[in-house]
């Protein structure tokens, strides 16, 4: 069974600093996708970044990057130059390559300190 | 930018009643989904819908639940005979295709009393 674990319920970071959010997952599949979604307070989840399992190169989107360690089944999110608008709940998610359903972690609440 | 919308934002219902949660997916999307999040727990997949039929569903999605696309724009989740444990945030999502990004709506908070 696929499971996604986020071991940090809460994190905080000083504005302009860097923070890393952890995520591990368990799967026996070889074809899958991993995602980080951001959910600001009272707003919908939006996609931050995605990683295809077959790609060795870590995905990057502006200040957001991932450290994808396939053998260790680890998928952490690094946020550089943190901004106040980054404050949100961050969810790590997994999806099989041919599947529809996402498997989400429990989320990490990120606070950005001015 | 197109968004998934959901109505109502908050629904309160009595145990045993039926509720219908409504979603308007992004117009050119072909796949539609419902998820739920019980307070303090993970977001859980309920069902996916494509070409006017259910393409995948979880164990949660039993006979109490049904989905429908009654017209060209709405996608609904019906919960029959609601129970206290159905209280949760229900998220709708849509995507262009199977391997594409899922766009989420803001959610409907369902409270069963």
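Chains as they are written, first to last, in this note's numbering: chain A, 5 to 118; chain B, 79 to 191. Think of the CB as a built atom: it goes at the ideal place given N, C-alpha and C, for glycine as much as any other residue.
Exercise. How close, in whole Å, do the beta carbons of residue 126 of chain B and residue 134 of chain B come, if the pair is a contact with beta carbons under 8 angstroms?
Worked result: 5 angstroms
Exercise. Who are the neighbours of residue 121 of chain B on chain A, taking C-beta pairs under 7 angstroms?
Worked result: 95 and 108
For this session: Check whether the Cβ of residue 15 of chain A lies closer than 8 angstroms to any Cβ atom in chain B.
Result: no
Problem set entry | residue 39 of chain A versus residue 25 of chain A: straight-line alpha-carbon distance, rounded | 13 angstroms
Problem set entry | Delimiting residues of the beta strand (DSSP E) encompassing residue 9 of chain A | 7-9
For this session: Could you spell out where the beta strand (DSSP E) holding residue 131 of chain B opens and where it closes?
Result: 131-135
Problem set entry | chain A within 8 angstroms of residue 133 of chain B, Cβ atoms only | yes
Exercise. Would residue 89 of chain A count as contacting chain B if we go by Cβ distances under 8 angstroms?
Worked result: no
For this session: Kindly indicate the opening and closing residues of the beta strand (DSSP E) around residue 144 of chain B.
Result: 143-146
For this session: Kindly list, in the order they appear in chain A, the residues whose Cβ is closer than 8 angstroms to that of residue 183 of chain B.
Result: 48
Exercise. Is the distance from the Cβ of residue 48 of chain A to the Cβ of residue 183 of chain B below 8 angstroms?
Worked result: yes
Exercise. With contact counted as at least three CB pairs below 8 angstroms, one residue from each stretch, are the region 83-90 of chain B and the region 63-77 of chain A in contact?
Worked result: no
Exercise. Nearest chain A C-beta to residue 89 of chain B closer than 8 angstroms, yes or no?
Worked result: no
Exercise. What residue does the beta strand (DSSP E) around residue 84 of chain B start on, and which one ends it?
Worked result: 83-85
Exercise. Which of helix, strand or coil does DSSP assign to residue 163 of chain B?
Worked result: helix
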